[in-house]
Amino acid sequence: MSDLINNDSNTEKEGFFSEKTGKRISIFGLIVIAITIFLYLIFGSWYFEWYFDEAIMGQFGDFIGGFIGSLFSLAGVILFYVALKEQRRDININQMNLGLQTDALNQQVLEFKDQKEELVETRKVYEEQTKLIMEQTNLYRLQNRELKEQSGIAKVQQFDTSFFSYLSVFNNYKNSLNIETKNFFGTLTDKLKDVILDDRSVGKSIENICEKYLEIYNENRDKLSPYFKTLYRLMVLVESSNIDDYKKVEYFKLIRSQLSDDELLILNYNYQTNLGVKVRSYVIKYELLKHLNILDKFEFECGLSGIKKYKLEQFLKFNESFIVDGLKDFGNIETTTDVNKSSLVKLFNLDVELKLIITDNFLFSVTFKLDDFNSNTELTRELLKKIISRHLYTILFFSKYQSPTETELNASFKEDDETIEFLFAIEKLENL
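Taking my numbering, the leading residue of the sequence shown gets 1343, the next gets one more, and so forth.
Written as structure tokens, this is what we have:
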């Protein structure tokens, strides 16, 4: 800026070579031209003729070209010089501005560097804060988890206290029933043995048993009603609790372990009547009657006892697992194939082949070697057909507390020279 001031002062000192001088000379030249023309017109020797005197006009032109042209040339030189000075001055100013801009840019660069360093420091602080927040969050989650675990443990302990208190009340009451009678439930099942069964219909047999059971229940209502109510409250306590489902299963296993064979049999027929409607969902969901022997049910009267009855019982349990697994596979939404499987087992030392085919229809077959089957003394064709048919009805219907028409299942057998095959078919799967 000081250079610019110096240049201005120099311009003022050099007054002749300035724009004003050039303008003055130009104006002076124009004035001289005007005066010359005026004098020439006034004092010239003019004769009013239709043409100009070439000699006079030549003198006038020489004067204008010589004197006035020199003035204009001088003015042009001065103005050109002034223009060069102004251009130089502008260049200096531009250089100065560029210098200032460069300094400003350098200053901005320094500021950007400082800002970058500040951002880096800010980022470090933010990262530290984020890390601290994450640590605090993890600590909070851990504390929250520990509190939940402690709360869960407290709830489980509280539930355990309630559950085992109820279970103790249940067992104490059950034991009180055996004071007058050594085996209270055993005497009840003995009375049920007098029922008349229907060999042709398992549903009718169960109906007759339930009618007999209701008679026995009414005779012992004062003893059985508190027993069933206490057991029901115990099951409701588990089901309505906030514990995990797998723990509920474990508690139901504890309940199941407290029940004797005679109790299971009485409970089975109690739940088949209207007295057990509210409990059926728990019985199915938690398999409360899982350990009830199939052949202990009166509708499965087979005339066998001891080891023979035990072997037939194991055979039927294997059949049930075989069939239930097949139904689960067929009902699995992840598989679209039909079920077609087989298995080899033994019954009374006889080789048996089981087959299960589930498509639109249900077909279960049991095949023996003909000579081996004919030589056995434990099973007859009609007995085996009846036992397996009733077992299938139990698996497919009665275990779900459904009442079939008993026309759903078509039971038959066929034999050739080597084998005898018992066939059990349901034509429409929706009948299940």
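Every residue gets a Cβ at the ideal spot worked out from N, C-alpha and C, and that includes glycine.
CA-to-CA distance, residue j to residue i, given in whole angstroms
i       : j       : result
Lys1727 : Leu1596 : 36 Å
Leu1579 : Phe1715 : 51 Å
Gly1408 : Lys1362 : 23 Å
Phe1454 : Arg1465 : 16 Å
Leu1573 : Phe1527 : 15 Å
Asp1705 : Asp1604 : Residue identity differs from the one stated: residue 1705 is Leu in this sequence, not Asp. In a straight line, the C-alpha of Leu1705 is about 34 Å away from that of Asp1604.
Asp1432 : Glu1463 : 45 Å
Glu1760 : Thr1709 : 10 Å
Asn1436 : Lys1427 : 14 Å
Phe1390 : Phe1370 : Low local confidence applies: a pLDDT of 48 at Phe1390 is under 50, so the model's placement there is unreliable, with the coordinate-based value given in what follows. Whole-angstrom Cα-Cα distance: 31 Å.
Asn1448 : Ile1410 : 56 Å
Asn1480 : Thr1472 : 12 Å
Phe1380 : Ala1425 : 34 Å
Glu1643 : Asp1541 : 9 Å
Phe1781 : Phe1755 : The shown model of the chain, from 1343 to 1774, leaves out residue 1781, and the question about it has no answer.
Thr1444 : Val1374 : 53 Å
Gln1744 : Ile1636 : 18 Å
Ser1684 : Leu1696 : 5 Å
Asn1550 : Leu1489 : 56 Å
Leu1634 : Thr1701 : 31 Å
Thr1368 : Ser1412 : Reading the sequence as shown, one finds Ser at residue 1368 and not Thr. Cα to Cα, Ser1368 sits roughly 10 Å from Ser1412.
Asn1612 : Phe1740 : 13 Å
Ser1583 : Asn1514 : 23 Å
Ser1599 : Lys1497 : 24 Å
Ile1475 : Leu1484 : 14 Å
Thr1747 : Tyr1735 : 10 Å
Ile1521 : Gly1673 : 49 Å
Gln1429 : Leu1372 : 28 Å
Asn1560 : Glu1553 : 11 Å
Beta-ladder partner(s) of residue i, from DSSP
i       : result
Asn1434 : None, per the DSSP bridge assignment.
Glu1710 : Before going on, a small fix: residue 1710 reads as Phe here, not Glu. Answer is Val1694, Ile1762, bridged to Phe1710.
Leu1705 : Ile1699, Ala1767
Status (buried if at least 16 other CB within 10 Å, exposed otherwise) for residue i
i       : result
Tyr1468 : exposed
Ile1538 : exposed
Thr1719 : exposed
Leu1721 : buried
Ser1547 : buried
Thr1531 : buried
Ile1649 : exposed
Tyr1652 : exposed
Glu1641 : buried
Phe1422 : exposed
Thr1523 : exposed
Asp1482 : Here residue 1482 is Tyr; the residue named in the question, Asp, does not match the sequence. Label assigned to Tyr1482: exposed.
Ile1495 : exposed
Leu1452 : exposed
Phe1766 : buried
Leu1601 : buried
Nearest-angstrom beta carbon gap, residue j and residue i [assumed within contact, 8 Å]
i       : j       : result
Gly1544 : Met1577 : The identity of residue 1544 in the sequence shown is Val, whereas the question assumes Gly. Not really, about 28 Å apart at Cβ, beyond 8 Å.
Ala1778 : Ser1731 : As displayed, the chain neither begins before 1343 nor continues past 1774, which places residue 1778 out of reach and without an answer.
Asp1638 : Leu1609 : So it is not a contact: roughly 12 Å between Cβ atoms.
Val1681 : Val1687 : Contact flag wrong, Cβ pair sits at about 18 Å.
Thr1615 : Leu1556 : 6 Å
Tyr1508 : Arg1563 : Their Cβ separation, rounded to whole angstroms, is 22 Å, which puts Tyr1508 and Arg1563 out of contact at 8 Å.
Phe1664 : Leu1698 : 6 Å
Tyr1624 : Leu1630 : 7 Å
Ser1707 : Glu1655 : About 21 Å; that fails the 8 Å criterion.
Thr1628 : Val1591 : Rather than Thr, the amino acid found at residue 1628 in this sequence is Tyr. Correct: roughly 6 Å between the Cβ atoms.
Leu1712 : Glu1769 : That pair is no contact at about 27 Å.
Closer than 7 Å: residue i CB and nearest the ligand FAD heavy atom
i       : result
Tyr1588 : Of the ligands one can find in the structure shown there are none, so the ligand FAD has no counterpart to examine.
| said: So within the region 1501-1577, which uninterrupted alpha helix (DSSP H) runs reach at least 4 residues, ignoring any that extend past its ends? | reply: 1526-1534, 1544-1561
| Could you give the uninterrupted runs of the alpha helix (DSSP H) lying entirely in the region 1614-1702, keeping only those of 4 residues or more? | 1622-1627, 1648-1673
| task | Would you mind listing the beta strand (DSSP E) stretches within the region 1738-1769 that are 3+ residues and don't spill past its ends, in chain order? | result | 1752-1757, 1761-1768
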